[in-house]
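Quick note, in the working numbering, the sequence shown goes up one by one and the last residue is 403.
Worksheet: one structure, shown below.
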Amino acid sequence: MKIKRILKWSVIVIALALLVWFQIAYWTSTNDYDRQTAAPNHPMKAIVYSDYGLSNLKLENIEKPTPNDDQILVKVRAASVNPYDWHFVEGTPKIMRAMGVGLRKPKDTRLGVDFAGTVEAVGKNVTQFKPGDEVFGGRGGAFAEYVCPRANRAVALKPANVTFEQAASVNIAGITALQAVRDKGKVQQGQKVLINGASGGVGTFAVQIAKSFGADVTGVCSTRNVDLVRSLGADHVIDYTKEDFAKGAERYDVILDNVPNHSLSECRRILNPNGKYVLIGGGGPNDSRWIGPFGRIIKTMVLSPFINQQMGMMMADANHDDLTILADMMQSGKMKAVIDRTYKLSEVPAAIAYLEEGHARGKVVITVE
Ligand SMILES: NC(=O)c1ccc[n+]([C@@H]2O[C@H](COP(=O)([O-])OP(=O)(O)OC[C@H]3O[C@@H](n4cnc5c(N)ncnc54)[C@H](OP(=O)(O)O)[C@@H]3O)[C@@H](O)[C@H]2O)c1
Numbered sequence: 035m036k037i038k039r040i041l042k043w044s045v046i047v048i049a050l051a052l053l054v055w056f057q058i059a060y061w062t063s064t065n066d067y068d069r070q071t072a073a074p075n076h077p078m079k080a081i082v083y084s085d086y087g088l089s090n091l092k093l094e095n096i097e098k099p100t101p102n103d104d105q106i107l108v109k110v111r112a113a114s115v116n117p118y119d120w121h122f123v124e125g126t127p128k129i130m131r132a133m134g135v136g137l138r139k140p141k142d143t144r145l146g147v148d149f150a151g152t153v154e155a156v157g158k159n160v161t162q163f164k165p166g167d168e169v170f171g172g173r174g175g176a177f178a179e180y181v182c183p184r185a186n187r188a189v190a191l192k193p194a195n196v197t198f199e200q201a202a203s204v205n206i207a208g209i210t211a212l213q214a215v216r217d218k219g220k221v222q223q224g225q226k227v228l229i230n231g232a233s234g235g236v237g238t239f240a241v242q243i244a245k246s247f248g249a250d251v252t253g254v255c256s257t258r259n260v261d262l263v264r265s266l267g268a269d270h271v272i273d274y275t276k277e278d279f280a281k282g283a284e285r286y287d288v289i290l291d292n293v294p295n296h297s298l299s300e301c302r303r304i305l306n307p308n309g310k311y312v313l314i315g316g317g318g319p320n321d322s323r324w325i326g327p328f329g330r331i332i333k334t335m336v337l338s339p340f341i342n343q344q345m346g347m348m349m350a351d352a353n354h355d356d357l358t359i360l361a362d363m364m365q366s367g368k369m370k371a372v373i374d375r376t377y378k379l380s381e382v383p384a385a386i387a388y389l390e391e392g393h394a395r396g397k398v399v400i401t402v403e
């Protein structure tokens, strides 16, 4: 009886301590937005936000960054918007907030990743780039007039025949598509590949990349995008408003899933016995607001060891070498970015709101004057 009572009180004390810790962590969670009171000495325009929510995004003058010895200073000419950005704007799934993004307020007040622009200055250790080079890639805070990426990270030379808008579209969506097809799907010549969500940012690149690997590609999209997906090289297009791909008779070697709107068992049914299912997408801003795709990720991990089919998620890893592969594909005409709409830097909130609707056709681009 005594042990039972001790255990009961231990649980209560631990629960109370966790509650107090959470409350303190929540109310002390802040960012440096309110501390930046002095006018910047070398101002540049950038999108900043001090609290979660689209209505809190502002275009403000902040201090222009200075490259350190390993960085380059890039004058941004175009940026692009990804679902990644709205995850940070909305702070969803909410579990992200506890994983370091900021419990009550976003820790990082800057937004945007994908950029293309012109190198203005280089750090003293940088040998890969020089002032005047046209480059593209990814760096946090890209919704701004300038960014300072590290020269040996996610930045590469932009081919001369590719516009800044096209190049700015590539980093997250293009890298995701390439690594899904090549590294996770291990797509081989002649294999049947199904791409669910073929008309979005990732999907439009994935269709073209899978085709360049010699696959027989089936793209899934709505009626208005059927012609677009076919024009990108898809051999077959399934209009999801008329037909459910999971109920069809066709079997696939690889499924790239940008829109996890079918259960894993439905996906397994149309996968060959040794096929691969690659989970890419995590759903929209209103899907599973607390844990987002984590439930499905755990299910794939638990299931995978017990079956012959390979089920797994992917996390894109932006890097110089893969950006260079994608640049070569664009230069040679093997791949292009499909640009749906362009917005000005001041219109980033509208651009993100549009992407949040979940029906962009290819990429949404920000032009920076
Ligand atoms: N794991 C990673 O490393 C990684 C990296 C990048 C992106 N992602 C995730 O991958 C997903 C896709 O990213 P994205 O940039 O391609 O997003 P996106 O551009 O916003 O995708 C929009 C597209 O989704 C299509 N779609 C919506 N509902 C659909 C449905 N029921 N069936 C088929 N297609 C449907 C839309 O086509 P219609 O207009 O025809 O409906 C639209 O073209 C997102 O969840 C994103 O967070 C993950």
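Don't be surprised by glycine CBs; every beta carbon is placed ideally from N, CA and C.
Here the structure is a predicted model, which is why all the values come from computation and not from measurement.
Requested in this report: List the endpoints of the continuous beta strand (DSSP E) containing Ser114.
Outcome: Ile106 to Val115
Report task. To the nearest angstrom, report how far apart Lys192 and Phe170 are at their CA atoms. Result -> 6 Å
Query raised in the report: Hey, is Asn259 close to ligand 1, as in C-beta under 8 Å from one of its heavy atoms?
Result: yes
Query - Residue range of the alpha helix (DSSP H) that includes Phe239 - result: Gly235 to Ser246
**Report entry** Ranges of the beta strand (DSSP E) found wholly within the segment 301-352, counting only runs of at least 3
**Finding:** 305-313 and 344-347
Query raised in the report: Between Asn292 and ligand 1, is the CB less than 8 Å from at least one heavy atom?
Result: yes
**Report entry** Endpoints, the beta strand (DSSP E) within which Asn95 is located
**Finding:** Leu91 to Glu97
Query raised in the report: Can you name the residues that DSSP bridges to Gly253?
Result: Ile229 and Val271
Query raised in the report: Is any heavy atom in ligand 1 found nearer than 8 Å to the beta carbon of Gly411?
Result: The chain is shown only over 35 to 403; residue 411 falls outside these bounds and no answer can be derived.
Requested in this report: Check the C-beta distance from Leu285 over to Ile272 and give it rounded, since I have them as a contact under 8 Å.
Outcome: In the sequence on display, residue 285 carries Arg and not Leu. Going by Cβ atoms, the distance from Arg285 to Ile272 rounds to 14 Å, so no, they are not a contact pair.
Query raised in the report: Which residues mark the beginning and the end of the beta strand (DSSP E) in which Val156 is found?
Result: Asp148 to Val156
**Report entry** Cβ contact (3+ pairs, closer than 8 Å) linking the segment 150-169 and the segment 130-140
**Finding:** no
**Report entry** Minimum C-alpha distance to Ser6 - residue among Gln344, Phe239 and Thr275
**Finding:** The first residue shown for the chain is 35 and the last is 403, placing residue 6 beyond what the model contains.
Query raised in the report: How would you call Asn65, buried or exposed, if buried means at least 16 neighbouring beta carbons within 10 angstroms?
Result: buried
**Report entry** Proximity below 9 Å, CB of Leu389 to CB of Ile81
**Finding:** no
Requested in this report: Per DSSP, which residues does Thr376 bridge with? Please list them.
Outcome: Val399
Query raised in the report: Can you tell which of Gly235, Arg395, Asp278 and Ala155 has the C-alpha that lies nearest to the C-alpha of Ile106?
Result: Ala155
Query raised in the report: Whose CA, out of Asn292, Cys301 and Ala394, lies closest to the CA of Ala283?
Result: Cys301
Requested in this report: Mind reading off the beta-carbon distance from Leu228 to Ile314? Whole number of angstroms is fine, and I expect it under 8 Å.
Outcome: At roughly 12 Å, the Cβ-Cβ gap does not stay under 8 Å, so Leu228 and Ile314 are not in contact.
Query raised in the report: Expressed to the nearest angstrom, what Euclidean distance is found between the alpha-carbon atoms of Phe328 and Ala178?
Result: 31 Å
Query raised in the report: If you drop the 5 nearest sequence neighbours on each side, which residues of the same chain put their C-beta closer than 6 Å to that of Lys226?
Result: Asp250, Tyr286 and Asp287
Query raised in the report: What distance in whole Å lies between the Cβ atoms of Leu337 and Leu298, which are believed to be in contact at a cut-off of 8 Å?
Result: 6 Å
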